[in-house]
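Asks: Protein chains in written order, with the working numbering: chain S, 1 to 121; chain E, 1 to 107. Before I ask anything, here is the structure I am working with.
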Amino acid sequence: EVQLLESGGGLVQPGGSLRLSCTASGFTFSSYAMSWVRQAPGKGLEWVSVISGSGGTIYYADSVKGRSTISRDNSKNTVYLQMNSLRAEDMAVYYCAKERIILGASHFDYWGQGTLVTVSS
Amino acid sequence: DIQMTQSPSTLSASVGDRVSITCRASQSISSWLAWYQQKPGKAPKLLIYKASSLESGVPSRFSGSGSGTEFTLTISSLQPDDFATYYCQQYNSYSLTFGGGTKVEIK
Numbered sequence: 001e002v003q004l005l006e007s008g009g010g011l012v013q014p015g016g017s018l019r020l021s022c023t024a025s026g027f028t029f030s031s032y033a034m035s036w037v038r039q040a041p042g043k044g045l046e047w048v049s050v051i052s053g054s055g056g057t058i059y060y061a062d063s064v065k066g067r068s069t070i071s072r073d074n075s076k077n078t079v080y081l082q083m084n085s086l087r088a089e090d091m092a093v094y095y096c097a098k099e100r101i102i103l104g105a106s107h108f109d110y111w112g113q114g115t116l117v118t119v120s121s
Numbered sequence: 001d002i003q004m005t006q007s008p009s010t011l012s013a014s015v016g017d018r019v020s021i022t023c024r025a026s027q028s029i030s031s032w033l034a035w036y037q038q039k040p041g042k043a044p045k046l047l048i049y050k051a052s053s054l055e056s057g058v059p060s061r062f063s064g065s066g067s068g069t070e071f072t073l074t075i076s077s078l079q080p081d082d083f084a085t086y087y088c089q090q091y092n093s094y095s096l097t098f099g100g101g102t103k104v105e106i107k
């Protein structure tokens, strides 16, 4: 059974930093790209970033580019999202999601339960 | 980036109704479109991929159609468990983008 478990969310002041983690199980982690998708309170879904299975290909949404870094440790089946210079508009539930297609852009066949990031002074 | 526009944003319907949700892309995305269902406090669930392929385990009352720039999600006979918010997502290219969502409410 595929499972994705996020952690690392919490309360952070504007301008602060946070590192989110997502630990996966139930599939060959290193074969699949992993994305972070966020959802602000009462709003829709927004894709944030993706990292390929090898870690060699990375993309970011313009809204987080230059402030966030995605990485993965295939020995730990874990993907990370380091977020810096956090703003009020970054407040959201952050989901990690497994992409189904191995090469190229994909849809998401599995999602974690989400971790809440609150940005407030 | 490719923009995805969903309509309507809210839909009121009764159990047993046939409902359709439309998603339009700002440029052609071939058939690289997925549909998700999300209930309050839960992660999205994949329903349809490649515009019309039904995800395993999803009831056959859900169907998808379209290609290019216009797509439709249809629920043939709305069931109590189907009241939720639905999102489309294009995966023609990065940045991946979602539609704004359609909330299906009880009439």
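Backbone N, C-alpha and C fix where the C-beta goes; we use that ideal spot for every residue, glycine too.
Compute the Euclidean distance between the alpha carbons of ARG72 of chain S and VAL15 of chain E, then round it to the nearest angstrom.
Replies: If you take the alpha carbons of ARG72 of chain S and VAL15 of chain E, they lie about 45 Å apart.
Asks: Excluding the five sequence neighbours on either side, which residues of its own chain have a C-beta within less than 7 Å of the C-beta of GLY114 of chain S, listed in chain order?
Replies: Once the five neighbours on either side are set aside, the close Cβ partners of GLY114 of chain S are GLU6, VAL93, TYR94, TYR95.
Asks: State the start and end residues of the unbroken beta strand (DSSP E) segment that holds TRP47 of chain S.
Replies: TRP47 of chain S -> beta strand (DSSP E) spans 45-51.
Asks: Please give the ranges of any beta strand (DSSP E) in the stretch 15-83 of chain E, keeping only runs that are unbroken, at least 3 residues long and fully inside the region.
Replies: Qualifying beta strand (DSSP E) stretches, in chain order: 19-25, 33-38, 45-49, 62-67, 70-75.
Asks: For chain S, find out if any of its Cβ atoms is closer than 9 Å to the Cβ of GLN89 of chain E; answer yes or no.
Replies: So yes, GLN89 of chain E belongs to the interface.
Asks: Quick one: what's got a C-beta closer than 6 Å to ILE29 of chain E's C-beta in the same chain, skipping five residues either side?
Replies: Closer than 6 Å at the Cβ level, and outside the excluded window around ILE29 of chain E, lie GLN90, ASN92.
Asks: Express the C-alpha separation of ALA24 of chain S and GLN38 of chain E in angstroms, rounding to a whole number.
Replies: For GLN38 of chain E and ALA24 of chain S, the distance between alpha carbons rounds to 21 Å.
Asks: Within 8 Å, do at least three Cβ pairs link the stretch 75-87 of chain S to the stretch 101-111 of chain S?
Replies: Contact between the stretch 101-111 of chain S and the stretch 75-87 of chain S is absent, because fewer than three Cβ pairs lie under 8 Å.
Asks: Which residues, in order along the stretch 66-91 of chain E, keep a beta-carbon less than 8 Å from a beta-carbon of chain S?
Replies: Of all residues in the stretch 66-91 of chain E, TYR87, GLN89, TYR91 have a Cβ within less than 8 Å of some Cβ in chain S.
Asks: Does the Cβ of LEU96 of chain E have 16 or more other Cβ atoms within 10 Å, making it buried, or fewer, making it exposed?
Replies: The residue in question, LEU96 of chain E, is buried, as its Cβ has 16 or more Cβ neighbours within 10 Å.
Asks: Does the beta-carbon distance from ILE106 of chain E to ARG18 of chain E come in below 9 Å?
Replies: Their beta carbons are not under 9 Å apart, which means ILE106 of chain E does not touch ARG18 of chain E by this criterion.
Asks: Roughly how many angstroms separate the alpha carbons of SER31 of chain E and SER68 of chain S, rounded to a whole number?
Replies: Using only the alpha carbons, I get a separation of about 31 Å.
Asks: Enumerate in chain order the residues of its own chain whose CB-to-CB distance from SER9 of chain E is below 8 Å, with the five nearest sequence positions on each side excluded.
Replies: Here the set comprises GLY100, GLY101, THR102, LYS103.
Asks: Can the beta-carbon of VAL12 of chain S be found closer than 9 Å to that of VAL79 of chain S?
Replies: The answer is no: Cβ separation not under 9 Å.
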